[in-house]
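**Student:** My structure is below; once you've seen it, I'll send some questions.
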Amino acid sequence: MTKLIRLVDDVLEIVALIFLIVTPIGLAIEDSYDLDIYDDINDYAKELLKTPLYTNSDYKPTLSSESDPEFHAEVKKCLQNISDDCGVIIFNKIFDNGKPTDVDECCGQLLTLGKKCHHTIIESTIHSPEMKGVNKTAVWINSENLWKRCVFISR
Numbered sequence: 001m002t003k004l005i006r007l008v009d010d011v012l013e014i015v016a017l018i019f020l021i022v023t024p025i026g027l028a029i030e031d032s033y034d035l036d037i038y039d040d041i042n043d044y045a046k047e048l049l050k051t052p053l054y055t056n057s058d059y060k061p062t063l064s065s066e067s068d069p070e071f072h073a074e075v076k077k078c079l080q081n082i083s084d085d086c087g088v089i090i091f092n093k094i095f096d097n098g099k100p101t102d103v104d105e106c107c108g109q110l111l112t113l114g115k116k117c118h119h120t121i122i123e124s125t126i127h128s129p130e131m132k133g134v135n136k137t138a139v140w141i142n143s144e145n146l147w148k149r150c151v152f153i154s155r
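full-length UniProt numbering applies: residue 1 is where the sequence shown begins, and numbers increase by one.
Below you can see the structure in the form of structure tokens.
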């Protein structure tokens, strides 16, 4: 029972920290961003499935802190670099079917966060119990579209 409570606390903490993703740290934005633009959404989906995360068909991600404490530490570290307000805006943009929001003001924070941290947070979020049943393909597409938009407007 104690492990279950600890696990629920960890998951709730991670979900809460997701909202902290995008603090205004726009001053440290790097100059080199990937501008790969996919003309066809199917090309994007095929490329996504080639990433190391998906190369093993037996891969089953887990959020259990007992099974992968390094992953949780990485997520927490990433979440420290984003403001509450931008975290909520970015979360809504990605997880609410690309809901129209004024996300442009948070692009600097997202890009400063970096693509690796951004993907780590998304991966953690979509595998949390609260996100059971979420359309993961749509989430990844929304995430990539947001990243590309932020790169575009930062130029």
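Backbone N, C-alpha and C define an ideal beta-carbon position, used for all residues, glycine too.
Quick caveat: nothing in here was measured; it's all calculated off a predicted structure.
Straight-line CA distance for Ile121 to Val75?
**Tutor:** Each residue's Cα considered, the two are about 6 angstroms apart.
**Student:** With a threshold of 16 other CB atoms inside 10 Å of the CB of Asn135, please say whether the residue is buried or exposed.
**Tutor:** Exposed.
**Student:** Expressed to the nearest angstrom, what Euclidean distance is found between the alpha-carbon atoms of Ile94 and Ala73?
**Tutor:** Between Ile94 and Ala73, the C-alpha separation is close to 23 angstroms.
**Student:** Taking buried to mean at least 16 other C-beta atoms within 10 Å of its own C-beta, is Glu144 buried or exposed?
**Tutor:** Buried is the call here.
**Student:** Given a cut-off of 7 angstroms on the beta-carbon distance, is the pair Cys107 and Ile141 in contact?
**Tutor:** Going by C-beta atoms, Cys107 is not nearer than 7 angstroms to Ile141.
**Student:** Taking all protein chains shown into account, do 16 or more other C-beta atoms lie within 10 angstroms of the C-beta of Ile89, making it buried, or fewer, making it exposed?
**Tutor:** Per the 10 Å Cβ criterion, buried.
**Student:** Closest to Gly114 by C-alpha separation, out of Asp102, Asp84 and Gln80, would be which residue?
**Tutor:** Considering only alpha carbons, the answer is Gln80.
**Student:** Restricting to Cα atoms, I'd like to know which of Ala138, Ile5, Phe71 and Asp10 is closest to Lys116.
**Tutor:** For Lys116, the nearest C-alpha among the options comes from Phe71.
**Student:** Which residues in the same chain as Ile5 place their Cβ atom closer than 6 angstroms to its Cβ, once the five residues preceding and following it in sequence are excluded?
**Tutor:** Nothing meets the Cβ criterion.
**Student:** Rounded to whole angstroms, what is the Cα-Cα separation between Ser83 and Val103?
**Tutor:** Going from the Cα of Ser83 to the Cα of Val103 covers about 13 angstroms.
**Student:** Would you identify the three-state DSSP class for Lys136, choosing helix, strand or coil?
**Tutor:** In this structure, Lys136 counts as helix in the three-state DSSP scheme.
**Student:** Under the rule that 16 or more other beta-carbon atoms within 10 Å means buried, what is Thr137, buried or exposed?
**Tutor:** Exposed.
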